[in-house]
Amino acid sequence: MAESVYKIIELVGTSKVSWEEAAGSAIEKASETLRDLRIAEVSAMDMQIKDGKIEFYRTKVKVSFKFGG
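Using the numbering used here, the first residue of the sequence shown is number 908, and each one after it goes up by one.
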């Protein structure tokens, strides 16, 4: 019986609304091309600021997916 192998990548999602929406956009985009997504872990959150106001929320997410066939 073969063991499963998973690959982990890091993504950065952005949103004008929230960190949660930024994480969701990263996962949504990744699911368009990666199959069998398994786990997502938020590794960092930050904000891009312009003229003293939040321009974008950014969430860095580590995502694992099944590797190979």
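Quick reminder that beta carbons are idealized off the backbone N, C-alpha and C, glycines included.
Assuming residue i and residue j make a contact with CB atoms under 8 Å, what is their CB distance in whole Å?
i	j	result
V970	G920	Not quite, the Cβ-Cβ distance comes to about 10 Å (not below 8 Å), so this is no contact.
A929	S938	Wrong, their Cβ atoms sit about 15 Å apart, outside the cutoff.
F972	D953	Contact doesn't hold; Cβ gap of about 25 Å is too wide.
Could you tell me which residues DSSP pairs with residue i in its beta bridges?
i	result
F972	K914, L944
S922	Y964
A937	Partner(s): none; A937 has no beta bridge.
Residue i CB to nearest chain D CB: under 7 Å?
i	result
V919	Absent from the structure is chain D; it holds one protein chain and no more.
In this structure, does DSSP put residue i in helix, strand or coil?
i	result
S932	helix
E927	helix
Residue i: buried (16+ other C-beta within 10 angstroms of its C-beta) or exposed?
i	result
Y913	exposed
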